[in-house]
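First up is the structure itself, then whatever we jot down about it.
2 protein chains.
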Amino acid sequence: MASKPLSDKTMELVAERFRVLGDPVRLRLLQALEPGEKSVAELVEATGASQANVSKHLQLLLRAGVVERRREGLFVYYSIRDARVFQLCDVVCGSLAEHYARELSELPATPATRTKRARRPGRSN
Amino acid sequence: MASKPLSDKTMELVAERFRVLGDPVRLRLLQALEPGEKSVAELVEATGASQANVSKHLQLLLRAGVVERRREGLFVYYSIRDARVFQLCDVVCGSLAEHYARELSELPATPATRTKRARRPGRSN
DNA sequence: CAACTATATAACTAGATGGTAGTATAGTTG
DNA sequence: CAACTATACTACCATCTAGTTATATAGTTG
């Protein structure tokens with residue numbers, strides 16, 4: 186990307202795709218689907234979210250083309266349609282890991298200072 | 186990812202990172218920064234957004250650790266801190282391309298049938 | 001220090017989004 | 001067809017977010 190100036194429409198599409206991944210429940214759903222397809226009930230169980238909520242998020246993932254569905258009797262099975270989402274998650278995880286590692290290494294070696302009221306006067310940033 | 190059941194906190198962090206990329210203005214900013222650092226004024230010019238808006242988005246990207254800033258006199262220069270964002274965008278773009286290609290190939294070969302009646306033959310971008 | 005420039009922040013508004021409760025639909029089974 | 005089960009949808013509320021305008025801050029220059 187970024188080699189060519191993407192159109193506004195394309196930009197919005199890319200942003201939308203990122204937004205689809207920008208919710209912990211949806212990430213949990215994808216994670217639960219990674220080993221293979223699951224019914225809605227199983228996904229409800231796996232995520233701990235309500236049925237209505239899971240269903241709603243699944244529709245979103247479906248419309249985005251990230252998952253696909255298949256009906257079998259009373260059950261509906263969802264599965265990953267675009268496995269690149271995992272690649273995306275991997276990159277983000279790596280990114281976060283590095284981010285926090287770097288943040289730690291910038292701290293004054295007092296291992297108890299973190300997260301809550303961290304970042305002493307030091308850097309002006 | 187998905188090999189281990191990430192904690193809720195981690196999940197939220199990953200989701201948040203995706204959300205940071207889930208806005209077209211921020212994507213434009215990143216795109217504008219890809220060749221190298223730029224001042225806020227240049228970014229305002231490059232994106233066409235208002236100064237206040239650009240500033241706001243930049244703070245968001247800054248806090249997320251995606252960009253970094255450097256002051257020089259009156260000017261503040263922003264640059265990419267975590268280049269993996271481009272990797273992420275590439276993956277998404279590929280994903281979208283495939284998605285649309287597949288969608289097209291599923292249609293009944295009538296080239297005029299599309300999203301809104303958009304997308305003339307020429308460039309796909 | 002006064003006037004000026006570049007950037008950041010505050011307060012506000014309109015629209016999007018996530019969650020829930022309740023209901024509707026599709027499919028099964030007696 | 002009635003009762004039942006699994007999933008989807010609707011309406012609603014609370015919260016968040018992007019954008020705007022106006023103002024504040026940091027740094028420069030006369």
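Protein chains in written order, with my numbering: chain A, 186 to 310; chain B, 186 to 310. For each residue, glycine too, the CB sits at the ideal point set by N, CA and C.
At a cut-off of 7 Å, the C-beta of A/Ser280 has a neighbouring C-beta in chain B.
Excluding its 5 nearest sequence neighbours in each direction, B/Arg211 has C-beta neighbours in its own chain below 8 Å: Val205, His242, Leu245, Leu246, listed in chain order. Distances from the alpha-carbon of B/Val276 to those of A/Glu283, A/Asp267, A/Leu281 put A/Asp267 closest.
Take the alpha-carbon of B/Ala249 and the one of B/Arg202: they are about 7 Å apart.
One Cα belongs to B/Leu191, the other to B/Ala217, and the distance between them is close to 33 Å. When only Cα atoms are considered, B/Ala231 and A/Asn238 end up about 40 Å apart.
One alpha carbon belongs to B/Ala200, the other to A/Gln272, and they sit about 14 Å apart.
Secondary structure remark: continuous alpha helix (DSSP H) runs of at least 4 residues inside the segment 229-290 of chain A, in chain order: 236-248, 269-290. Nearest CB-CB separation between A/Ala231 and chain B: not below the 7 Å threshold. Exclusion of the five residues before and after A/Val225 leaves Gln236, Val239, Ser240, Leu243, Phe260, Val261, Tyr263 as the residues of its chain whose Cβ lies within less than 8 Å of its Cβ. It is roughly 24 Å from the alpha-carbon of A/Gly279 to the alpha-carbon of A/Met196.
For a Cβ distance threshold of 8 Å, nothing in chain A lies close to B/Glu257: the least Cβ distance comes to about 14 Å. Close CB contacts of A/Asp208 within its chain, under the 8 Å cut and outside five residues either way in sequence, are with His242 (chain order). At a cut-off of 7 Å between C-beta atoms, A/Glu197 counts as an interface residue with respect to chain B. Residue pairing from DSSP leaves A/Ser192 without any beta-bridge partner.
One finds Phe203, Leu206, Gly207, Val277 in chain A with Cβ atoms closer than 7 Å to the Cβ of B/Phe203, taken in chain order.
Taking a C-beta distance under 7 Å as the contact criterion, B/Val270 and B/Leu198 do not qualify as a contact pair.
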